[in-house]
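Here's the structure, in structure tokens; my notes come after.
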Amino acid sequence: MQVLIRKAKVLDPQSDFHDKVVDVLIDGGIIKNIGTALKAKADTVIEGKGLCVSPGWVDVFADYHEPGYEHKETIASGLACAAKGGFTDVLLAPNTQPALSTKSIIQYVTGKAAGNIVHLHPIGAASQNIEGKDLAEMLDMRENGALAFSDGWKPVQHANLFLKALEYVKAFHGTIIQIPIDMALASGGMMNEGIVSTALGMAGIPSLAETIMVYRDIELLRYTGSKLHFTGVSVAGSVELIRKAKAEGLAVTCSVTPYHLALTDVYLTGYDSKYKVAPPLRSEEDRQALIEGLRDGTIDCIATHHRPQEWDAKTKEFEYASDGIAVQEIAFNILWQALKGQITIERMVECLTIMPRDIFGMEVKEIKKGKKASLTIFTASGHHTLEAADVVSASSNNPFIGQKLNGKVLGIYNDNKLHLNK
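Going by the working numbering, 1165 is the number at position 293 of the sequence shown; the sequence numbering is gapless.
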């Protein structure tokens, strides 16, 4: 199969054609030629106003719920979200039933995803059954496809266990992923603690519930000399702690969600549970600190925290509603809407493709002649409205339905397969 991408701006600092508008010809999964006005009898020609092409994007944390919670999302529907959202690679959260804490479950999910245009990379559980008591067999899981290790939505609370996890993965240069939430300090909280929570009369989750975990885990990282990645950082204090740790040379990295960059706690004034997430939406001051952290390199990459929930889980009293937004298929649009004019498109693409591959030791993808093609094709111009009928996730807990969004993902190319959005 030959695919010709015409007049596209290449966004790949590794490429000699970075920031240039060229044609890209792909034949049999390989980039056959790059140049201007290429002539070829391609099976598919992709062109359009403001077209851009980059190495395939990576989502470093998404939840597809299978096995165990297929009524929320399946691996098949989740990967369809990823393809629509421009992601060629996804790191899968371990919070399934049973949890991704043994090699057999790792083999199960990788087997379910085999042959898909999107590559699925399981995150193995750090503790057995994600119970936070004993270490899981992380080496066994790594040898069977686990890319990193975490207890996901149930972050490790016991300092000694987390210390042991950091020491364990150091032997094979592995990475521990942690959502920084002190569950005791967050207990009973429903949203960010601040002016809005006080006005609404809702119990708040203080910034301290996050920063105290970031501080603790950085200290444990310093002690072990291991590798640590925080995902879902949401407050200014966390960004500053991570910035200082990086300046010391510690092997700490972090990611932020699209919705923490786009939304704040004021969206909860209507008690709409679609905006209920963990970590919670924070203040405008925190949002600006996240944007600055992304701009200066303190924040390394993007994690959608795609967390589908069925109708019943969200349509109930706010206190009892489940956390999460099913956001993966429009992550780029949310990001560009929030960041346009503050972050360059080049920096945003770096956070989506180059940095996550470097952090997690993934295969490098380059837009160079003779290289295997793994590409995301998109435009940063124009806008479209997300309609309910367009959603491919099995769940609809998405507050952006009906909203006008900037930019558009046209499709992805990976493993000699092409997916084009309608």
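All C-beta atoms in this analysis are idealised placements derived from N, C-alpha and C, irrespective of residue type, glycine included.
Tell me, please, which residues DSSP counts as bridged to E1177.
The displayed chain sequence assigns His, not Glu, to residue 1177. Answer by DSSP bridge pairing: none, since H1177 is not bridged.
Quick one: what's got a C-beta closer than 6 Å to C1223's C-beta in the same chain, skipping five residues either side?
C1173, I1174
DSSP-derived helix/strand/coil call for D931
strand
Check whether L1122 and L1093 have beta carbons under 8 Å apart
yes
One or two residues paired with P994 in a DSSP bridge
L964
Check whether the Cβ atoms of I1021 and I995 sit closer than 8 Å, and answer yes or no.
In the sequence as displayed, the identity of residue 1021 is Phe instead of Ile. Cβ atoms of F1021 and I995: closer than 8 Å.
What I want to know is whether the C-beta of N1205 ends up closer than 7 Å to one or more non-hydrogen atoms of the ligand ADP.
Summarising the ligand content, the structure contains no ligands, and the ligand ADP is consequently not present.
Just how far apart, CA to CA, sit C924 and L964?
27 Å
Identify the continuous beta strand (DSSP E) that holds R1154 and give its terminal residues.
No beta strand (DSSP E) holds R1154; DSSP gives it neither H nor E.
Best match in L910, S1069, D961, S1110 for proximity to Y1285 [C-alpha to C-alpha]
D961
Please report how far the alpha carbon of K984 lies from the alpha carbon of V930, in whole angstroms.
19 Å
Compute the distance between the beta-carbons of V1068 and D1137, then report whether it is under 8 Å.
yes
Taking L1282 as the reference, give the member of F1272, V981, N1293, Q1275 with the closest Cα.
N1293
Three-state class that DSSP yields for S1069 in the structure shown
helix
What residue range is occupied by the uninterrupted beta strand (DSSP E) comprising Y1285?
1276–1286
Determine which residues share a DSSP beta bridge with A880 and list them.
V894
What residue from D1089, G901, S926, D895 has the CA that sits closest to M1220's CA?
S926
By Cβ distance below 7 Å, which residues in the same chain neighbour C953 in space, the five residues on each side in sequence not counted?
H1178, Q1200, E1201, V1264, S1265
Burial state of Y1192 (16 or more Cβ within 10 Å):
exposed
Using 8 Å as the cut-off, can you tell me whether the region 876–894 makes contact with the region 906–925, which would need three or more C-beta pairs spanning the two stretches below that distance?
yes
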